[in-house]
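Residue numbers (this note's numbering), protein chains in the order written: chain A, 6 to 241; chain B, 70 to 238. Heads up, the beta-carbon is just placed ideally off N, CA and C, and yes, glycines get one too. A short write-up of the structure that comes next.
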């Protein structure tokens, strides 16, 4: 994980190749799966359509728990996409990591703080934007920062930053730690046959646990997203 | 990797990733929305409509069935009444017919009896008249044969009349 990164500069903007490529692969896998699952949609669902509908229902319920029905319908697609993207990003590094010349090209995109900060920034901007769209700028400022009482303004302001940072770093920390441990165990397998034998079950156990963590973190990420959005669009 | 997180570090931050992930997310959301989300949502809407329609039509069918059952029950109870009426009418008719037939039979019997009695008495008269003449002739012949010589015809006649009167009694 701590190997070098390859940074290329396009139009004066530096891009981390490993990070971007992983994100692109995760998104491509998601799109192919979802595209394949949504072929031949029938009134009476069966097989893969059932699976996709279950997933949609799952994320819709997350939205519904935080935002009222009609209002919440606007965020359902957002929550669904966010969930599958974060989930697939968490899983990608468990399935394969690709190193070449000391540079990691494919890993979990969410094991990089830049990725999770981008997603958290997206969420926060969306939440504030929805707040403005709902109450107008004055109403939004009043609702977000000066209620229930104006004296809480510094705390409210600070809370926005902590929300943003914790949302991003929680995800990053979980996935990064999982990948560090996976890499450590896999390097153990290179230390003789005893290390190899003992590392195989360990690796499997930790991979299973990481799948669990990845799913939980994707769920937590989307849930908190909807909580933050609902805090901005519901009058306190 | 840690260096990318510590923003103050000397190394360059690949801030292009921010833009890349924002664009990636928006594009992915658009693609997923177009190819999977909207068809599924349409289908869910259609399914919800169909279910509510089915429920409505099931409710309608249930009401209709109830109505039909009620009608049939009414018809059944009506038919009971009707059947009773029919039976009663038939009984009345039968009673009436019975009395008519009885009456007629009694009348016929009485007529027959009368006729028979009349016949009998007439025949009796005729027989008596016939017998009277025959006996007279026979007696005369017998008497002629037995006592032709001793009795005159007048005496004889007196005797025979007496005898016949005795017969008539």
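Can you find a C-beta in chain A that's less than 8 Å from the C-beta of residue 88 of chain B?
yes
So what does DSSP say about residue 151 of chain A, is it helix, strand or coil?
coil
In angstroms, rounded to a whole number, what distance separates the CA positions of residue 102 of chain A and residue 202 of chain A?
21 Å
Since residue 116 of chain B meets chain A, which of its residues come closer than 7 Å, beta carbon to beta carbon?
48
Tell me whether residue 72 of chain B is buried or exposed, calling it buried when 16 or more other Cβ atoms sit within 10 Å of its Cβ.
Any reading at residue 72 of chain B must be qualified, since the residue scores a pLDDT of 45, below 50, and its modelled position is unreliable; the value itself is stated next. When all chains shown are included, residue 72 of chain B counts as exposed.
Interface residues of chain B around residue 82 of chain A at Cβ under 7 Å?
98, 102, 106
Which chain B residues are close to residue 148 of chain A, counting only those with a beta carbon under 7 Å from its beta carbon?
Result: empty, since nearest Cβ-Cβ is about 26 Å, beyond 7 Å.
For residue 225 of chain A, three-class secondary structure by DSSP:
helix
Using 8 Å as the limit for Cβ to Cβ distance, is residue 192 of chain A near chain B?
Look at residue 192 of chain A: its C-beta is not under 8 Å from any C-beta on chain B.
Using a Cβ-Cβ cutoff of less than 8 Å, which residues in the same chain neighbour residue 50 of chain A once the five nearest sequence positions on both sides are dropped?
Only 58 meet the Cβ criterion.
Quick test of your reading: residue 91 of chain A and residue 214 of chain A, contact by CB under 8 Å. State the CB separation rounded to the nearest angstrom.
Rounded, the Cβ-Cβ distance is 18 Å, inconsistent with contact.
Beta-carbon neighbours of residue 244 of chain A, restricted to chain B and to distances below 9 Å
Since the first residue shown for chain A is 6 and the last is 241, residue 244 of chain A is missing from the structure and cannot be characterised.
From this set, A:212, A:224, A:223, A:234, which residue's C-alpha is nearest residue 98 of chain A's C-alpha?
A:212
Could you list the residues in the stretch 139-168 of chain B with a C-beta less than 9 Å from some C-beta on chain A, going in chain order?
none
At a CB-CB cut-off below 7 Å, which residues of chain A make contact with residue 132 of chain B?
Under the 7 Å cutoff, chain A gives no residues; its nearest Cβ is about 26 Å from residue 132 of chain B.
Can you tell which of A:95, A:18, A:71, A:178 has its C-alpha closest to the C-alpha of residue 229 of chain A?
A:71
Write down every uninterrupted run of the beta strand (DSSP E) in the stretch 80-143 of chain A whose length is 3 residues or greater and which is fully enclosed by it, in chain order.
Complete beta strand (DSSP E) runs here, min 3: 103-105, 108-111.
Residues in the stretch 15-49 of chain A having any Cβ partner in chain B nearer than 8 Å
15, 18, 19, 20, 21, 24, 25, 28, 29, 32, 35, 36, 39, 40, 42, 43, 46, 47, 48
For residue 124 of chain B and chain A, any beta-carbon pair shorter than 8 Å?
no
Am I right that residue 4 of chain A and residue 111 of chain A are in contact with their C-beta atoms under 8 Å? What's the rounded C-beta distance?
Here chain A covers residues 6 to 241 and nothing more, so residue 4 of chain A does not appear.
Sub-8 Å separation of residue 181 of chain A and residue 223 of chain A beta-carbons
It is not a contact, given that the beta carbons lie outside the stated cut-off.
Helix, strand or coil for residue 232 of chain A, going by three-state DSSP, please let me know.
Residue 232 of chain A: helix per DSSP, three-state reduction.
Counting C-beta neighbours from all protein chains within 10 Å, is the total for residue 235 of chain A 16 or more, i.e. buried, or is it exposed?
buried
Which residues DSSP lists as bridging residue 15 of chain A, in chain order
A:18
Is it the case that the stretch 53-67 of chain A contacts the stretch 130-150 of chain B, given that we only count it when at least three CB pairs across the two stretches are under 8 Å?
no
In angstroms with no decimal places, state the Cα-to-Cα distance between residue 163 of chain A and residue 133 of chain A.
Approximately 15 Å between the Cα atoms of the pair.
Just to confirm before moving on: does the CB-CB distance between residue 169 of chain A and residue 231 of chain A stay below 8 Å?
no
With a CB to CB cut of under 7 Å and the five nearest residues on each side skipped, what residues in its chain are close to residue 137 of chain A?
145
In whole angstroms, what is the alpha-carbon distance linking residue 226 of chain B and residue 177 of chain B?
Spanning the two alpha carbons is a distance of roughly 49 Å.
Short check: CB of residue 24 of chain A to CB of residue 114 of chain A, under 8 Å?
yes
Can you tell me the Cα-Cα spacing of residue 211 of chain B and residue 181 of chain B, whole angstroms?
43 Å
Which ranges does the beta strand (DSSP E) cover as unbroken runs of at least 3 residues, wholly within the stretch 147-199 of chain A, from first to last along the chain?
Listed in chain order, there is nothing to give.
Reduced DSSP category for residue 50 of chain A - H, G, I as helix; E, B as strand; rest coil:
coil
State buried or exposed for residue 14 of chain A, treating a residue as buried only when at least 16 other CB atoms are found within 10 Å of its CB.
exposed
With burial defined as no fewer than 16 other Cβ atoms inside 10 Å of the residue's Cβ, what is the status of residue 86 of chain B: buried or exposed?
buried
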